[in-house]
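Q: Here the protein sequences come in this chain order: B and W.
For the first sequence, the residue numbers in our numbering are 114 to 123.
For the second sequence, the residue numbers in our numbering are 0 to 214.
Beta carbons are placed, not taken as given, at the ideal position from N, Cα and C, and that holds for glycine.
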Amino acid sequence: SSGSNLKDEL
Amino acid sequence: MNLFRLAGDMTHLVSVVVLLLKIHTIKSCAGVSLKTQELYALVFAARYLDLFVHFVSLYNTVMKLVFLASSFTIVWYMRRHKIVRRTYDKEHDTFRHHFIVLPCLVLGLLLNEKFTFREVMWAFSIYLEAVAILPQLVLLQRTRNIDNLTAQYVFFLGAYRVLYIFNWIYRYFTEPHFVHWISWIAGIVQTLLYGDFFYYYILSWKNNVKLELPA
Chain B
114 SSGSNLKDEL
Chain W
0 MNLFRLAGDM
10 THLVSVVVLL
20 LKIHTIKSCA
30 GVSLKTQELY
40 ALVFAARYLD
50 LFVHFVSLYN
60 TVMKLVFLAS
70 SFTIVWYMRR
80 HKIVRRTYDK
90 EHDTFRHHFI
100 VLPCLVLGLL
110 LNEKFTFREV
120 MWAFSIYLEA
130 VAILPQLVLL
140 QRTRNIDNLT
150 AQYVFFLGAY
160 RVLYIFNWIY
170 RYFTEPHFVH
180 WISWIAGIVQ
190 TLLYGDFFYY
200 YILSWKNNVK
210 LELPA
């Protein structure tokens, strides 16, 4: 999903 | 993880180490905005709520813990440490930071990727981080004698934001469907806030004179 892969950033 | 992202995280880490070094070894927080530090503590607390729920990697977990612990440690030093707190320039650190927390929270409730507690908190933390440097920039303008460590702290913090933008550009071209308006716009706003500082920082470095920001 597009929402969750940015959550790997700090 | 690409090189821009790693370099960004490392400059972020360096900025925190520089600030802790100044506070812990010199026992001074002169020129450092407590308002900004409190906002960062809130930013990390809101964003890293998922710390024990959503595991990404050991790297992420460790970095999150470092940023959480360091931000609260810095606030503790500035508020409670017997010697450090006396060096805090309270008179000039007058930015009313509480007034930017509520608008960011409202924005987080309105503009988020999903209307869940964690996603709202995440969006809130992104908006708050974008403006959290403002009290520090205002304090620097009012500080006649900006010491090198404080200037370097802000420089590394700004460099981290610039590198994150390069990281997003890289990810946009290498990862499918990598579009994140919320963090991109907030991130660009945040980076632009450093523009003025960067200009005078580079100027002072080139001319080998002490940094001073025009009021």
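#1: What number of angstroms, rounded off, separates the C-alpha of W/E90 from the C-alpha of W/E128?
#2: Do W/G157 and W/Y198 have their C-beta atoms closer together than 8 Å?
#3: What do you reckon, are the CB atoms on W/L212 and W/L139 nearer than 8 Å?
#4: Count the other CB atoms within 10 Å of the CB of W/R95; is the residue buried (16 or more) or exposed (fewer)?
#5: Residues in its own chain within less than 6 Å of W/V15 by CB, not counting five upstream and five downstream?
#6: When DSSP labels each residue in this structure, what does W/S70 get in the three-state scheme?
#7: Let me know the secondary structure DSSP gives W/H179 once reduced to three states.
#8: Quick one: what's got a C-beta closer than 8 Å to W/T86's C-beta in the same chain, skipping five residues either side?
#9: Please report the Cβ distance between W/T35 and W/A131, rounded to the nearest whole angstrom; I am assuming they are in contact, meaning their Cβ atoms lie under 8 Å.
#10: Measuring alpha carbon to alpha carbon, tell me which residue in W/V83, W/W167, W/L18 and W/Y58 is nearest W/A185.
#11: How should W/K81 be labelled, buried or exposed, when 16 other C-beta atoms within 10 angstroms of its C-beta is the threshold for buried?
A: Reading from the atomic positions:
#1: For W/E90 and W/E128, the distance between alpha carbons rounds to 24 Å.
#2: Here W/G157 is not near W/Y198, since their CB atoms are 8 Å or more apart.
#3: yes
#4: exposed
#5: Same-chain partners within the cutoff: S69.
#6: helix
#7: The answer is coil: DSSP assigns W/H179 none of H, G, I, E or B.
#8: K26, S27, C28 and A29
#9: 6 Å
#10: Answer by Cα proximity: W/W167.
#11: exposed
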